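Undergrad: One structure coming up, written as structure tokens, with questions to follow.
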Amino acid sequence: MVAKFVQIADELRARVRDGQYPEGTVLPRQSELATEFDVNVNTVSAALKLLEREGLVQSRRSQGTVVLPQIPLRKVGMDRYSRRQWKSPAGDEDGAPHMDERGWQPAAQSTEISIEPATEEMAGRLEIDEGEDVVRRARVIRDARGTVTHTLVSYYPYRIAKGTLLMSEEQGSAGRGGAFRVLTDLGHEPHSINERLHARLPDGDEAQSLEMGIGEPIVEMRRRTYDGSGLPIEYAIGLHRASRFQWNYSFEVPR
100 MVAKFVQIAD ELRARVRDGQ YPEGTVLPRQ SELATEFDVN VNTVSAALKL LEREGLVQSR
160 RSQGTVVLPQ IPLRKVGMDR YSRRQWKSPA GDEDGAPHMD ERGWQPAAQS TEISIEPATE
220 EMAGRLEIDE GEDVVRRARV IRDARGTVTH TLVSYYPYRI AKGTLLMSEE QGSAGRGGAF
280 RVLTDLGHEP HSINERLHAR LPDGDEAQSL EMGIGEPIVE MRRRTYDGSG LPIEYAIGLH
340 RASRFQWNYS FEVPR
């Protein structure tokens, strides 16, 4: 038998899907829902926590439980790294998600730049000496509605990034075409990419930076980019709200 809180979550989810509770709607109070479903408030609370973990709703202090936007942003697999994305004058930022009709503003992000000595792990990722300077480019990206969708922290060897737009703190991409265009102009055109995705729950700091509940899953992306000589030129760590994204891949089946 399906638990009562799961049944309640199913019903509330259906109401959101069919438009009875549009995005931005504040759901009825827990006491009201408890009366409607003839259960105690704890059962309703468990149902709402389940929906919050799915990214369907968010509990906000002084507001209540609010329905979140439901159309996910799309990352279109390998196509988002196509050379046309950074070689075209209209190219987007490297690794930028291909967005749905809700739109996306590349400038709707904050950027922090720092220079720091490479840790043992980072030295191994970039194949440089431990303690050698690296440029850390950290961004928080928001959609057109101002909602944080993901964060991205990229690391570059300082000897490559020094004096380039990779060290610019202006919001948005590192110039037209983004970081990959900068690397190409420096003679380090991205040639191959190793990318790993991992779903997990965020820790407290990560949830805070993504402005989300700690119970909602995230997808961690770790990316290492190589130039034509096999030299690692970038190592990036992205944290994506799982409820905000879907990854689509189309490729030929390997022989």
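Residues 100 to 354 in my numbering are what the sequence shown spells out, letter by letter.
Every residue, glycine too, gets a C-beta built ideally from N, C-alpha and C.
This one's a predicted model, so the numbers in the text were calculated from it and none came from an experiment.
Should aspartate 191 go down as buried or exposed, given a rule of 16 or more other Cβ atoms within 10 Å for buried?
TA: Note that aspartate 191 scores a pLDDT of 44, beneath 50, so its modelled location is shaky and nothing firm can be said.
Undergrad: By the 10 Å Cβ neighbour count, where 16 or more other Cβ atoms means buried, how is threonine 248 classified, buried or exposed?
TA: Label assigned to threonine 248: buried.
Undergrad: My output table needs one value for glycine 154: the three-state DSSP class, helix, strand or coil.
TA: DSSP places glycine 154 in coil when its eight states are reduced to three.
Undergrad: Using the three-state DSSP reduction, which class does alanine 237 fall into: helix, strand or coil?
TA: Residue state, collapsed to three classes: strand.
Undergrad: Going along the chain, which unbroken runs of the alpha helix (DSSP H) with 4 or more residues stay wholly within the stretch 228-315?
TA: Segments of the alpha helix (DSSP H) lying fully in the stretch 228-315: 257-260, 277-284 and 303-308.
Undergrad: In or out: alanine 278 buried (at least 16 other Cβ within 10 Å) or exposed?
TA: So alanine 278 counts as buried.
Undergrad: Taking only runs that begin and end inside the stretch 317-348, name each unbroken beta strand (DSSP E) of 3 or more residues, in chain order.
TA: If we require 3 residues or more, the beta strand (DSSP E) runs fully inside the stretch 317-348 come out as 317-326, 331-340 and 344-346.
Undergrad: If we count the other Cβ atoms within 10 Å of its Cβ and call it buried at 16 or more, is arginine 295 buried or exposed?
TA: By the 10 Å Cβ count, arginine 295 comes out exposed.
Undergrad: With a 10 Å radius around its C-beta and 16 neighbouring C-beta atoms as the bar for buried, classify glutamate 110 as buried or exposed.
TA: By the neighbour-count rule (16 or more Cβ atoms within 10 Å), glutamate 110 is not buried but exposed.
Undergrad: Can you name, in chain order, every residue of its own chain whose Cβ lies under 7 Å from the Cβ of leucine 150, other than the five neighbours on each side?
TA: For leucine 150, where only same-chain residues beyond five positions count, the Cβ hits under 7 Å are Ala108, Leu111, Arg112 and Val156.
Undergrad: In whole angstroms, what separates the C-alpha of asparagine 347 from that of tyrosine 180?
TA: Taking the straight line joining both Cα atoms gives about 13 Å.
Undergrad: Could you say if the stretch 316-328 and the stretch 281-294 meet the contact criterion of at least three C-beta pairs nearer than 8 Å?
TA: Output reads yes: the stretch 281-294 touches the stretch 316-328.
Undergrad: Is it right to say arginine 160 is buried, meaning 16 or more other beta carbons lie within 10 angstroms of its own, or is it exposed?
TA: Under this definition arginine 160 is an exposed residue.
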